[in-house]
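Visitor: The structure's right below; bear with me while I get my questions together.
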Amino acid sequence: MAHLAARGVRVALRLAHVALVLAVLWQGARLVFRPDPLDGLRRADALFLARRYYDALEAYRALVARDRTHAAAYARLGMVYTLRGELPDANRALGYAIGLGLEPHTLALARLYQAQLADSSGAHNEARQFWELVDERSPLAPLRWTPEGGSLLRAGRTAGPGQGTLRAPKPTLRARWRAAG
């Protein structure tokens, strides 16, 4: 009888051990195969980079509908709105994203888009203020120079070299080069 009881205890311990191992494996698998919170943003960014702006717009809208604190998704949503010319929605989304807090690279990008929005609506002073908010140490800082210079030219705020460049005669291509193009 004692032999059967000891055997029953060993079987119970083995079953408990197997159950514990299976539970640990199950939890480990759930952790490993859990979707990354940034997967949705990466998929939407891939659509944006493929110039599938409508699909990207829907993907970013879905992301912010699921998480109202997703600053990066709001920033990207504002960028798509900017490209679509939907200025009030773009301003709102970019401002909200900045208010939520963005990492430095995305913040610089959002400021560039805000400047573009302001410049496209003729608010050159406001655009200049946004461009100045882009940290000079940011890798995106050089991207502000060309649109900022163009804005100054359109606003008539350059003298000297800028005006001279506009008035300088444009060289023409040689005839055989033009024919080759």
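The sequence shown begins at 1049 in this note's numbering and counts up by one. Just so it is clear, CB atoms sit at the ideal spot from N, CA and C, and this is done for glycine as well.
In angstroms, rounded to a whole number, what distance separates the CA positions of residue 1055 and residue 1066?
Guide: Rounded to whole angstroms, residue 1055 to residue 1066 spans 16 Å at the Cα level.
Visitor: Relative to the C-alpha of residue 1178, which residue among 1196, 1125, 1094 is closest?
Guide: Here the closest residue by C-alpha is 1196.
Visitor: Which ranges would you report for the alpha helix (DSSP H) in the segment 1119–1184 if only whole runs of at least 4 residues count?
Guide: Those alpha helix (DSSP H) runs which fall completely within the segment 1119–1184 and span 4+ residues are 1119–1132, 1135–1148, 1152–1168, 1172–1180.
Visitor: How many Å lie between residue 1188 and residue 1124 at the Cα?
Guide: The straight-line gap from Cα to Cα measures roughly 16 Å.
Visitor: Roughly how many angstroms lie between the CA atoms of residue 1157 and residue 1164, to the nearest whole one?
Guide: Those two C-alpha atoms are separated by around 11 Å.
Visitor: Alpha carbon to alpha carbon, what distance is there between residue 1111 and residue 1119?
Guide: Spanning the two alpha carbons is a distance of roughly 10 Å.
Visitor: What do you reckon, are the CB atoms on residue 999 and residue 1092 nearer than 8 Å?
Guide: An answer regarding residue 999 cannot be provided, because it is not within the stretch 1049 to 1229 covered by the chain.
Visitor: May I ask which residues mark the beginning and end of the alpha helix (DSSP H) holding residue 1195?
Guide: Unbroken alpha helix (DSSP H) run through residue 1195: 1193–1202.
Visitor: Would you kindly report the start and end of the unbroken alpha helix (DSSP H) that includes residue 1089?
Guide: It spans 1087–1097 - the alpha helix (DSSP H) in which residue 1089 sits, taken as one unbroken run.
Visitor: Cβ atoms of residue 1192 and residue 1160: under 8 Å apart, would you say?
Guide: Yes.
Visitor: Helix or strand or just coil, what does DSSP make of residue 1103?
Guide: Residue state, collapsed to three classes: helix.
Visitor: Between the alpha carbons of residue 1201 and residue 1194, how many angstroms are there, rounded?
Guide: Looking at the two C-alpha atoms, the distance is approximately 11 Å.
Visitor: Give the DSSP-derived three-state secondary structure of residue 1188 in the structure shown.
Guide: Three-state result, residue 1188: coil.
Visitor: For residue 1172, which residues of its own chain have a beta-carbon under 6 Å away from its beta-carbon, when the five flanking residues on both sides are left out?
Guide: If we look at residue 1172 and ignore the five residues flanking it on each side, its Cβ neighbours are 1199, 1203.
Visitor: Taking the straight line between their C-alpha atoms, what separation do you get for residue 1185 and residue 1072?
Guide: Residue 1185 and residue 1072: Cα-Cα distance of roughly 47 Å.
Visitor: Can you look up residue 1062 in the DSSP assignment and give me helix, strand or coil?
Guide: DSSP places residue 1062 in helix when its eight states are reduced to three.
Visitor: I need the straight-line Cα distance from residue 1169 to residue 1088, nearest angstrom please.
Guide: Going from the Cα of residue 1169 to the Cα of residue 1088 covers about 32 Å.
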